[in-house]
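What follows is a single structure, written as structure tokens, with notes after it.
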Amino acid sequence: MAIDIGGTKIAGALVHPDGTMTALTRRPTPRGTDAEGVMAAVTEVVADLADSASWPAAVRCGIGSAGPVDTSRGTVSPVNIGAWRDFPVQERIAAELAARGAPIPTVLAGDGVAMTAAEHWLGAARGHRNALCMVVSTGVGGGLVLNNQLHPGPTGNAGHIGHISVAFDGERCACGGRGCVESLASGTAIARRALDQGWTPGADATAAGVAAAAATGDPIALAAFDRAGRALAAAIAATATLVETDIAVIGGGVAAAGDVLFTPIRRHLAAYATLSFVRELRVVPASLGGHAGLIGAAAAATMLLPSEGATA
Ligand SMILES: [Zn+2]
Numbered sequence: 268m269a270i271d272i273g274g275t276k277i278a279g280a281l282v283h284p285d286g287t288m289t290a291l292t293r294r295p296t297p298r299g300t301d302a303e304g305v306m307a308a309v310t311e312v313v314a315d316l317a318d319s320a321s322w323p324a325a326v327r328c329g330i331g332s333a334g335p336v337d338t339s340r341g342t343v344s345p346v347n348i349g350a351w352r353d354f355p356v357q358e359r360i361a362a363e364l365a366a367r368g369a370p371i372p373t374v375l376a377g378d379g380v381a382m383t384a385a386e387h388w389l390g391a392a393r394g395h396r397n398a399l400c401m402v403v404s405t406g407v408g409g410g411l412v413l414n415n416q417l418h419p420g421p422t423g424n425a426g427h428i429g430h431i432s433v434a435f436d437g438e439r440c441a442c443g444g445r446g447c448v449e450s451l452a453s454g455t456a457i458a459r460r461a462l463d464q465g466w467t468p469g470a471d472a473t474a475a476g477v478a479a480a481a482a483t484g485d486p487i488a489l490a491a492f493d494r495a496g497r498a499l500a501a502a503i504a505a506t507a508t509l510v511e512t513d514i515a516v517i518g519g520g521v522a523a524a525g526d527v528l529f530t531p532i533r534r535h536l537a538a539y540a541t542l543s544f545v546r547e548l549r550v551v552p553a554s555l556g557g558h559a560g561l562i563g564a565a566a567a568a569t570m571l572l573p574s575e576g577a578t579a
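If you read the sequence shown in our numbering, its first letter stands for residue 268, the second for the next number, and so on.
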């Protein structure tokens, strides 16, 4: 069972061992309501799943959520769901499942960790024992697979590559740090950089607009993507040097720019990934699309919860 909670939608599905999904359902994330109002949409998603003939066969439940998350306490405080602060979503969903006759184990994962689990199970990181997966969109998130194990860390926040510094005397980041990857390579940062440097946007002043301009050879737009790609390359190389990841998978809206982003990343990588054991490091696009959140929630449940027969 997979439940994916984001700022725009709350989705659910029953995910089978081969990755196929049934009973797909979703609700818009409620706006202008309180914590219980948002939970009501989650309850509706669970009720839809419980109507499926496959419901009694579910053995575990993965919950993916926009962050911040604290998996040690089962709580979430999503930036884009203001009604939920330290909301005990894991306990609440477990109670909904039990009330519908499915008292199965649950696990909570942040969306970056869930995306990593998805790409390792069925996507571009498949078959790689050690991988870094990243989401580059309005923010920059990520997760790690080390020795074939998902590595969420004690509170579910390991792999927070958006907030490691690649410019120690760089600008302040929203997190309070300095020179963070996110402050240089997020879609927001790319658009801001291009505008600051004199780029004249057409109808689209976002990073997608900058990407379109870069694809036609606009030098300011190309420079903005080059700067973002350089920041990502430095972070990817640092990660590989630290823990010997041999692949970096990048998804998210900014990665949809394709070669406009990947070409500068690969070009700059050589300058940062210098030691012999990281020279083969590859950077590739994520391969799972719109359902990566649900696939990731299911994959996180499989990777983090005991297998059947091992549960008490
Ligand atoms: Zn930061």
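Cβ atoms here follow ideal geometry from the backbone N, Cα and C, with glycine treated the same way.
Original post:
What does a CB cutoff of less than 8 Å around G476 pick up in its chain, not counting 5 residues either side in sequence?
Top reply: In the sequence shown, the residue the question calls residue 476 occupies position 209. Closer than 8 Å at Cβ, skipping near neighbours: A458, P468, G469 and A470.
Original post:
Which whole-angstrom value describes the C-beta separation of T506 and I562, a residue pair presumed to lie in contact below a C-beta threshold of 8 Å?
Top reply: Reading the sequence shown from its first residue, position 239 is the one you call residue 506. Reading the sequence shown from its first residue, position 295 is the one you call residue 562. Actually they are not in contact, since the Cβ atoms of T506 and I562 sit about 23 Å apart, beyond 8 Å.
Subject >> Rounded separation between L462 and A500 - CA only >> reply: Here residue 462 refers to the residue found at position 195 when the sequence shown is read from its first residue. Here residue 500 refers to the residue found at position 233 when the sequence shown is read from its first residue. Spanning the two alpha carbons is a distance of roughly 23 Å.
**OP:** Kindly examine ligand 1 and report whether one of its heavy atoms sits closer than 6 Å to the Cβ of H430.
**Re:** Along the sequence shown, one-based indexing puts residue 430 at 163. Under cutoff, so the answer is yes.
**OP:** Consider the C-beta atom of G444 and the heavy atoms of ligand 1; say whether any pair is separated by less than 6 Å.
**Re:** Along the sequence shown, read from residue 1 onward, the residue named residue 444 stands at position 177. It does: the Cβ of G444 is within 6 Å (strictly closer) of some heavy atom of ligand 1.
Original post:
Less than 7 Å separating the beta-carbons of I272 and S332?
Top reply: Indexing the sequence shown from 1 puts residue 272 at position 5. Indexing the sequence shown from 1 puts residue 332 at position 65. Yes, the Cβ-Cβ distance between I272 and S332 is below 7 Å.
Original post:
For V550 versus T508, is the C-beta spacing smaller than 7 Å?
Top reply: Start at 1 with the first residue of the sequence shown, and residue 550 comes out as number 283. Start at 1 with the first residue of the sequence shown, and residue 508 comes out as number 241. The answer is no: Cβ separation not under 7 Å.
Original post:
For ligand 1, is there a heavy atom less than 6 Å away from the beta-carbon of C400?
Top reply: The residue labelled residue 400 in the question sits at position 133 within the sequence shown. No, since every heavy atom of ligand 1 falls outside the 6 Å radius drawn around the Cβ of C400.
**OP:** Say whether the region 477-492 touches the region 401-418, bearing in mind that this needs 3 or more beta-carbon pairs closer than 8 Å, one atom from each stretch.
**Re:** no
Original post:
Is the beta carbon of T296 less than 7 Å from the beta carbon of I277?
Top reply: Within the sequence shown, residue 296 is the residue found at index 29, counting from 1. Within the sequence shown, residue 277 is the residue found at index 10, counting from 1. Cβ atoms of T296 and I277: closer than 7 Å.
Original post:
Is C328 near ligand 2, in the sense that its beta carbon is under 6 Å from a heavy atom of that ligand?
Top reply: In the structure shown, ligand 2 is absent; the only ligands present are ligand 1.
Original post:
Three-state secondary structure (DSSP) at T541?
Top reply: Here the question's residue 541 lines up with position 274 in the sequence shown. DSSP places T541 in coil when its eight states are reduced to three.
**OP:** Could you tell me the distance, in whole angstroms, from the CA atom of G443 to the CA atom of N424?
**Re:** Along the sequence shown, read from residue 1 onward, the residue named residue 443 stands at position 176. Along the sequence shown, read from residue 1 onward, the residue named residue 424 stands at position 157. C-alpha separation (whole angstroms): 17 Å.
**OP:** Measuring alpha carbon to alpha carbon, tell me which of A350, V521 and D337 ends up nearest Q357.
**Re:** As a position in the sequence shown, residue 357 is number 90, starting the count at 1. The option with the nearest alpha carbon to Q357 is D337.
**OP:** Quick one: grab the DSSP three-state call for V356.
**Re:** Within the sequence shown, residue 356 is the residue found at index 89, counting from 1. In the structure shown, V356 sits in a helix (DSSP, three-state: H, G or I).
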